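Undergrad:
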Amino acid sequence: MAAEIISTGHLDDQDAFDPAFALHRGGKMEVRATVPVRDADDLSLAYTPGVARVCTAIAEKPELVNDYTWKSKVVAVVTDGTAVLGLGDIGPEASLPVMEGKAILFKQFGDVDAVPIALATKDTDEIVETVVRLAPSFGGVNLEDISAPRCFEIERRLQEALDIPVFHDDQHGTAVVTLAALRNAAKLTGRQLGELRAVISGAGAAGIAIAKILIGAGIGDVALCDRKGVLHVGRTDLTDVKREIAELTNRGGLTGSLSDVLEGADVFIGVSGGTVPEQAVAKMAKDCFIFAMANPNPEVHPDVAHKYAAVVATGRSDFPNQINNVLAFPGIFAGALQVRASRITEGMKIAAADALAELVGAELSAAKVIPSPFDAGVADAVSAAVAAAARAEGVARA
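Position 359, counted from 1, in the sequence shown is what UniProt numbering calls 359; the numbers after and before it change by one each time, with no gaps.
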């Protein structure tokens, strides 16, 4: 039941006992000092006059900001509130509980400090300009819950304008974890990625990012479907973003509906919602993989998926193989910040996916092709792989 807000600003009696509201009262974050201010001597070092010496040094040598401020270990979590969870465009204020949640996940799983920033604009130019102006305070920018297709342009323009990592987690976090799970599913069944044909339901932010990372990792073929069917170069109704991905995917030249292209497919990846008919699932290849990640209702319910698939994954925590972004973004940013990377490259994302896949190790089974966020060493393994990839690709500065 949605919370009813009355004129006093308090919840009604029924919702006041909801434990989610009890947990969120007063917010989920606070700012704490890392140095003591116990007396006049401490004050003179933490603030004036001592701070002036540090400011002067940074003014003369700007890169010192990374050593003598929190910049190199803090991320801005930026949203406009237009695509929040499954709630849609609920606005910046209503997005804040999610942004706070994201920030505490950064800290809990990656020991990365993060600051929620909810912007009161949906204008692409204004968002880009605002983030660029805020950037001197941060070591990285995590774009969150910004609706497609604007999210693609916003990320691209910020990457071009800034020399710090910019990462749209709804796209790339999902893609990294999906690739890791798919690598292990293939390994479990004795196949290579290059032998697989995948079908993605959903040609939005996550679907397009998944397609790109799978292509980069060497998938045999991948086709994306939107509400009107599979994307192909012959369609005249595609946006610029969809046309670009259509030129990179569907090398088999498939046409028709999602059900049409699922016939004989090795992999189904759902990031769209809706329901895929069982008769379409039944036509997939033997020992197929079904990653139905819509929340809370997977496109293919696991009970149905298990009839046909060798490996089943969802976006839910109450089924095995949860495709959970928290496996990726804390470690990715921790690694990027560690080496003061200027950007997050495709190679860094694939390195993160490979590290996640390798963590499963001897536990690999149909019920575990991806680690749990609570498994020991997840963020450390991802951050080490990302840092090494950043150095190899020449984007590391430390």
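C-beta: ideal position from N, C-alpha, C; glycine also. This one's a predicted model, so the numbers in the text were calculated from it and none came from an experiment.
(1) May I ask you to list the residues that DSSP assigns as paired with Gln322?
(2) Check the C-beta distance from Val176 over to Ile154 and give it rounded, since I have them as a contact under 8 Å.
(3) To the nearest angstrom, how far is the alpha carbon of Ala180 from that of Val369?
(4) Answer yes or no: do Thr130 and Leu119 have a C-beta to C-beta separation smaller than 8 Å?
(5) Throw me the rounded Cβ distance for the Ala313 and Val300 pair, which I believe falls under 8 Å.
(6) Return the chain-ordered ranges of every alpha helix (DSSP H) run that is complete within the UniProt domain "Malic enzyme N-terminal" (26-159) and spans a minimum of 4 residues.
(7) Under 8 Å Cβ to Cβ from Leu193, same chain only, skipping five residues before and after it: list those, please.
(8) How far does the beta strand (DSSP E) with Gly270 in it extend, from its first residue to its last?
(9) Taking only three categories from DSSP, how would you classify Ala2?
(10) So Val233 and Ala198 are in contact, right, with Cβ under 8 Å, and what is the actual spacing, rounded?
(11) For Gly331, which of helix, strand or coil comes out of DSSP?
(12) For Phe268 versus Ile290, is the C-beta spacing smaller than 8 Å?
(13) Just curious, the alpha helix (DSSP H) that Leu224 is in, first and last residue?
(14) Leaving out five residues on either side along the sequence, give the residues of the same chain with a beta carbon under 6 Å from the beta carbon of Ala353.
(15) Look at the alpha carbon of Leu327 and the alpha carbon of Met348, and state the distance between them as a whole number of angstroms.
(16) For the putative contact between Val271 and Ile200, defined by C-beta atoms under 8 Å, what is the C-beta separation to the nearest angstrom?
(17) Leaving out five residues before and five after Ala46 in sequence, what residues of the same chain have Cβ atoms less than 7 Å from its Cβ?
(18) Does DSSP classify Lys187 as helix, strand or coil?
(19) Can you give me the start and stop residues for the alpha helix (DSSP H) that Ser259 sits inside?
(20) I need the straight-line Cα distance from Val78 to Ala294, nearest angstrom please.
(21) Quick one: what does DSSP say Ala201 is sitting in, helix, strand or coil?
(22) Quick one: what does DSSP say Lys307 is sitting in, helix, strand or coil?
(23) Please classify Asp356: is it buried, with 16 or more other beta-carbons within 10 angstroms of its beta-carbon, or exposed?
(24) What does Ser365 pair with, by DSSP beta-bridge criteria?
(25) What does the alpha-carbon distance come out to for the pair residue 400 and Val230?
(26) Helix, strand or coil, according to DSSP, for Val339 in the structure here?
(27) So what's Phe21 in DSSP terms, helix, strand or just coil?
(28) Buried or exposed for Thr48, please, with buried defined as at least 16 other CB atoms from any protein chain shown within 10 angstroms of its CB.
(29) Hey, out of Thr69, Gly91, Thr121, whose CA is closest to Pro136's CA?
(30) Spatial neighbours of Ala392 within its chain, please: C-beta separation below 8 Å, excluding the five flanking residues on both sides.
(31) With DSSP run on the structure shown, which of helix, strand or coil describes Gly394?
(32) Would you call the segment 328-343 and the segment 380-388 in contact, with 3 or more CB pairs under 8 Å?
(33) Below 8 Å CB to CB, which residues in the same chain sit around Gly101 once its five sequence neighbours on both sides are set aside?
(34) Run through DSSP, which three-state label would Ala292 get?
TA: Reading from the atomic positions:
(1) Thr314
(2) Between Ile154 and Val176 the Cβ distance is about 20 Å, and since that is not below 8 Å, they are no contact.
(3) 8 Å
(4) yes
(5) Ala313 to Val300, Cβ: 11 Å. No contact.
(6) 40-46, 50-60, 65-68, 92-110, 124-134
(7) Leu182, Arg183, Ala186, Leu214, Ala217, Gly218, Ile219, Gly220
(8) 267-270
(9) Bear in mind that the predicted position of Ala2 carries a pLDDT of just 40, short of 50, making it unreliable; the figure below should be weighed with that in mind. Of the three classes helix, strand and coil, the one that applies to Ala2 here is coil, per DSSP.
(10) With 8 Å as the limit, Val233 and Ala198 do not qualify as a contact, their Cβ atoms being about 18 Å apart.
(11) helix
(12) yes
(13) Unbroken run through Leu224 is the beta strand (DSSP E), 221-226; no alpha helix (DSSP H).
(14) Val176, Leu179, Ala180
(15) 15 Å
(16) 7 Å
(17) Val35, Val37
(18) helix
(19) 258-262
(20) 23 Å
(21) First, the residue type needs correcting, since residue 201 is Ser and not Ala in the sequence shown. In this structure, Ser201 counts as strand in the three-state DSSP scheme.
(22) coil
(23) Per the sequence presented here, residue 356 reads as Leu, with Asp not at that position. That one is buried.
(24) Lys368
(25) This structure does not reach residue 400, given that the chain is present from 1 up to 398, and the question cannot be answered.
(26) coil
(27) helix
(28) exposed
(29) Thr69
(30) Gly347
(31) coil
(32) yes
(33) Lys28
(34) strand
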